[in-house]
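In my numbering, the protein residues as written are 311 to 440. Glycine included, C-beta positions come from ideal geometry on N, C-alpha and C.
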């Protein structure tokens, strides 16, 4: 598991509470390679002996802050913040490809040239080593 400085700033900017961090750390115990979150909110609530509603609020907050994101019916930890597995292979993961696709979509309206768009999209991925 790798931790990126951008993550710390996101925690501060989004007022992530201590309870939110405890829930996030519990989630990270279950994250599979590729940053897929493979458990239910009820499992986390049971493990931490807290209400499922609190877990639900935290998941929403983490998703709103960009730490988690959904693609179809799967939930991922954003690889710009945390990466489960080999950092050198992280760019091969589904989570990375989805996050990169989101970066392209956000930038394509302001950067029309494909070469510039490719460069900026990859630069926006904080751990990209290209």
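Considering residue 339, what are the terminal residues of the beta strand (DSSP E) in which it resides?
It is not in any beta strand (DSSP E) - residue 339 instead sits in the alpha helix (DSSP H) that spans 328-340.
Apart from the five residues on each side of it in sequence, which residues of its chain come closer than 6 Å, Cβ to Cβ, to residue 324?
Once the five neighbours on either side are set aside, the close Cβ partners of residue 324 are 375.
Just how far apart, CA to CA, sit residue 341 and residue 348?
6 Å
Within the same chain, show all residues whose beta-carbon is closer than 7 Å to that of residue 391, passing over the 5 residues directly before and after it, in chain order.
314, 316, 317, 320, 377
What separation, rounded to the nearest whole angstrom, lies between the Cα atoms of residue 326 and residue 425?
36 Å
Buried or exposed by the 16-neighbour rule on C-beta atoms within 10 Å, applied to residue 354:
buried
Looking only at its own chain, which residues have a Cβ that is under 7 Å from the Cβ of residue 361, when we skip the five neighbours before and after it?
355
In the structure shown, what three-state DSSP assignment does residue 372 receive?
helix
Measuring CB to CB, does residue 358 end up less than 7 Å from residue 336?
yes
Contacting residues, own chain, Cβ-Cβ under 7 Å from residue 369 (five flanking each side not counted)
351, 378
Should residue 397 go down as buried or exposed, given a rule of 16 or more other Cβ atoms within 10 Å for buried?
At residue 397 the pLDDT is 49, less than 50, meaning the model places this residue with poor confidence and gives no usable figure here.
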